[in-house]
Amino acid sequence: MPYTFETAYDFKALTAMARALRKTVRRKKSRRVRIFGGIAVVVGLLLAVPWYEGYEFGLSTVVTILAVAVILFVMLFEDQLNGYLAGKRMIKGTEKNRGAFDEAGFTTENAVGQTRWNYASIRKAVRTGDYFVFLFDKNHAQVYDIRTLAGGSPEDFAALIGEKTGGAVETV
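The numbers in numbering that gives the first Met the number 0 rise by one with no breaks, and the one at position 151 of the sequence shown is 150.
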């Protein structure tokens, strides 16, 4: 029996997809960006705090504090921001998807159309919270809501995907 999913690409699903991308295929880049952001925050705080003689509170201090706040906000809510932006870039009609998986491959269907995929196109399969996320490259992924899975258990589905992709489903 094929496995099927009914997934709404809402904010929660898109955030899970962004998190899976960040923690897997974007891991090295994300680490470098976070290190750079941390250094920028430390330097910004050192410039904004009155620890040296001749310190003057002025417009440059306000701008520095705002820049530090923006960097911290982006670092803390990176997945949510990326999920929100992904939602803004989505094609109208792709907000709700139906996925059907069988031995030969899988099909995604939405208001725009239907696409047949081979399991070989999946670079990495990830389970995160209530979702399975299939990563195709650094910028493209599909998400499937585990709560709507029909045709078997999440463990059976993960075993099928692991067998077909040649790698285990990673948990994030």
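Just so you know, even glycine gets a beta-carbon here, dropped at the ideal spot from N, CA and C.
Next on the checklist: Whole angstroms are fine: how far does the CA of LEU71 sit from the CA of THR170?
Outcome noted: 26 Å
Next on the checklist: Mapping the DSSP letters down to three states, classify LEU134 as helix, strand or coil.
Outcome noted: strand
Next on the checklist: For ASN81, report the span of its alpha helix (DSSP H) as first-last.
Outcome noted: 77–88
Checklist entry - What did DSSP end up calling TYR54 once you bin it into helix, strand or coil? => result coil
Checklist entry - Just how far apart, CA to CA, sit ALA21 and GLY53? => result The question names Ala, yet the displayed sequence has Arg at residue 21. Taking the straight line from one Cα to the other gives about 42 Å.
Next on the checklist: So, for GLY43: in the same chain, excluding its five sequence neighbours on each side, which residues have a beta-carbon less than 8 Å away from its beta-carbon?
Outcome noted: THR63, ILE64, ALA66, VAL67 and ILE70
Item to check | Alpha-carbon spacing of GLN141 relative to ILE38, whole angstroms | outcome: 33 Å
Item to check | Where the beta strand (DSSP E) through ALA124 begins and ends | outcome: 123–127
Checklist entry - To the nearest whole angstrom, what separates the beta carbons of VAL132 and ALA7, a pair I think is in contact under 8 Å? => result About 15 Å separates the two Cβ atoms, so there is no contact after all.
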